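Colleague: In my numbering, the protein residues as written are 26 to 191. From the three backbone atoms N, C-alpha and C, an ideal C-beta is built for every residue, glycine too. As the structure is a prediction and not an experimental result, all values here were calculated from the model.
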Amino acid sequence: MVIALPTIYVDADACPVKDEVLKVAQRHQVKTYIVSDGGIRPYQDPLIELVIVAQGADAADDWIADEIGAGDIAITSDIPLADRCVKAGALVLKPNGEVLDEKKIGAAVATRNLMTGLREAGKITGGPRSFSKQDRSRFSNALEVAVQRAKVSTKTTSPPPLTGED
26 MVIALPTIYV
36 DADACPVKDE
46 VLKVAQRHQV
56 KTYIVSDGGI
66 RPYQDPLIEL
76 VIVAQGADAA
86 DDWIADEIGA
96 GDIAITSDIP
106 LADRCVKAGA
116 LVLKPNGEVL
126 DEKKIGAAVA
136 TRNLMTGLRE
146 AGKITGGPRS
156 FSKQDRSRFS
166 NALEVAVQRA
176 KVSTKTTSPP
186 PLTGED
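1) Decide yes or no for the touch test of the region 124-132 against the region 87-97: beta carbon pairs closer than 8 Å, at least 3 of them.
2) Does residue 45 pass the burial test, meaning 16 or more other C-beta atoms within 10 Å, or should it be called exposed?
3) Please identify the residue among 117, 52 and 41 whose C-alpha is closest to the C-alpha of residue 97.
4) Could you name the residues of the same chain whose beta carbon sits closer than 8 Å to that of residue 156, not counting the 5 residues immediately before and after it, in chain order?
5) So what does DSSP say about residue 89, is it helix, strand or coil?
6) Between which residues of its own chain and residue 191 is the CB-CB distance below 6 Å, once the five residues before and five after are set aside?
7) Within the continuous beta strand (DSSP E) that includes residue 47, where are the two ends?
8) Over what stretch of residues does the beta strand (DSSP E) that includes residue 75 continue unbroken?
9) Would you please state the rounded distance, in angstroms, between the beta carbons of residue 176 and residue 30? I believe it to be under 8 Å.
10) Assuming residue 60 and residue 76 make a contact with CB atoms under 8 Å, what is their CB distance in whole Å?
11) Using the Cα positions of residue 32 and residue 137, report the straight-line distance between them to the nearest angstrom.
12) Ignore the nearest five residues each way along the sequence and tell me which others in residue 80's own chain have a CB closer than 6 Å to its CB.
13) Can you look up residue 169 in the DSSP assignment and give me helix, strand or coil?
14) Got a sec, what are the start and stop residues for the beta strand (DSSP E) residue 149 sits in?
15) Pull the bridge partners of residue 99 from the DSSP assignment, please.
16) Does DSSP put residue 104 in a helix, a strand or coil?
17) Excluding the 5 residues preceding and the 5 following residue 181 in the sequence, name in chain order all residues of the same chain whose CB lies nearer than 6 Å to its CB.
18) Check the DSSP bridge columns for residue 57 and list the partner residues they point to.
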């Protein structure tokens, strides 16, 4: 039996978990695209492909959204990109390990829009909290679970849910 694995797409600009993605991808032999507008060294592993896009605010996002498909995994903290990926049938993991799927993306988009409005109105001046070791650990665990569940789902008729609560 051939097991179809997901493809992983990494929105690599300012992504703090590239090394963790590479470890999981190599362990499971999963094709991975590291998408950036530059500044990242090429990888020697043939399963890890660096995609350099034209510089521009949404060039990497557009490439990922155009390529990603159902059952794939996107790594991004960009909520509009996450929304596009979920609509394509993909699972999204934020670098802090939070899972965004069809059940959670609506709330994430609404929160992002609210926070953008508050920042623009000058009501909020700070940014997100610092990235922590716990975030890194949660991400590694969430990605491992996502890849494992993708393997299981190719053997069954319906994939088990990934809630991020594991």
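Modeller: Taking the structure as given:
1) no
2) On the sequence shown, residue 45 is found 20 positions in, with the first residue counted as 1. By the neighbour-count rule (16 or more Cβ atoms within 10 Å), residue 45 is buried.
3) Here residue 97 refers to the residue found at position 72 when the sequence shown is read from its first residue. Cα-wise, what sits closest to residue 97 is 117.
4) Residue numbering aside, residue 156 sits at position 131 when the sequence shown is read from its first letter. Here the set comprises 41, 120 and 121.
5) Numbered from 1 along the sequence shown, position 64 holds the residue referred to as residue 89. Looking at residue 89 - three-state DSSP - the assignment turns out to be helix.
6) Here the question's residue 191 lines up with position 166 in the sequence shown. With a pLDDT of 48 at residue 191, under the threshold of 50, the predicted position of this residue should be treated as unreliable, and no value is reported.
7) Translated into positions along the sequence shown, residue 47 becomes position 22. From DSSP, residue 47 is part of no beta strand (DSSP E) but of the alpha helix (DSSP H) over 43-53.
8) One-based indexing of the sequence shown puts residue 75 at position 50. Note, residue 75: beta strand (DSSP E), 73-77.
9) Counted from its first residue, the sequence shown places residue 176 at position 151. Counted from its first residue, the sequence shown places residue 30 at position 5. Contact flag correct, Cβ pair sits at about 7 Å.
10) The residue you call residue 60 lines up with position 35 of the sequence shown. The residue you call residue 76 lines up with position 51 of the sequence shown. Yes, residue 60 and residue 76 are in contact; Cβ-Cβ is about 5 Å, under 8 Å.
11) Residue mapping note: residue 32 aligns to position 7 of the sequence shown, counting from 1. Residue mapping note: residue 137 aligns to position 112 of the sequence shown, counting from 1. Rounded to whole angstroms, residue 32 to residue 137 spans 27 Å at the Cα level.
12) The residue you call residue 80 lines up with position 55 of the sequence shown. These residues qualify, in order along the chain: 62.
13) Stepping through the sequence shown from its first residue, residue 169 is reached at position 144. In the structure shown, residue 169 sits in a helix (DSSP, three-state: H, G or I).
14) Residue 149 sits at position 124 when you count from the first residue of the sequence shown. Per DSSP, residue 149 belongs to no beta strand (DSSP E) and is neither H nor E.
15) What you label residue 99 is simply residue 74 of the sequence shown in a count that begins at 1. Per DSSP, 34 and 117.
16) By one-based count along the sequence shown, residue 104 stands at place 79. If DSSP states are grouped into helix, strand and coil, residue 104 belongs with the helices.
17) The residue labelled residue 181 in the question sits at position 156 within the sequence shown. Per-residue confidence for residue 181 stands at a pLDDT of 49, beneath the threshold of 50, marking its modelled position as unreliable; the derived number appears in the next sentence. Once the five neighbours on either side are set aside, residue 181 has no close Cβ partner at all.
18) Position 32 of the sequence shown, counting from 1, holds the residue named residue 57. DSSP lists 33 and 73 as partners of residue 57.
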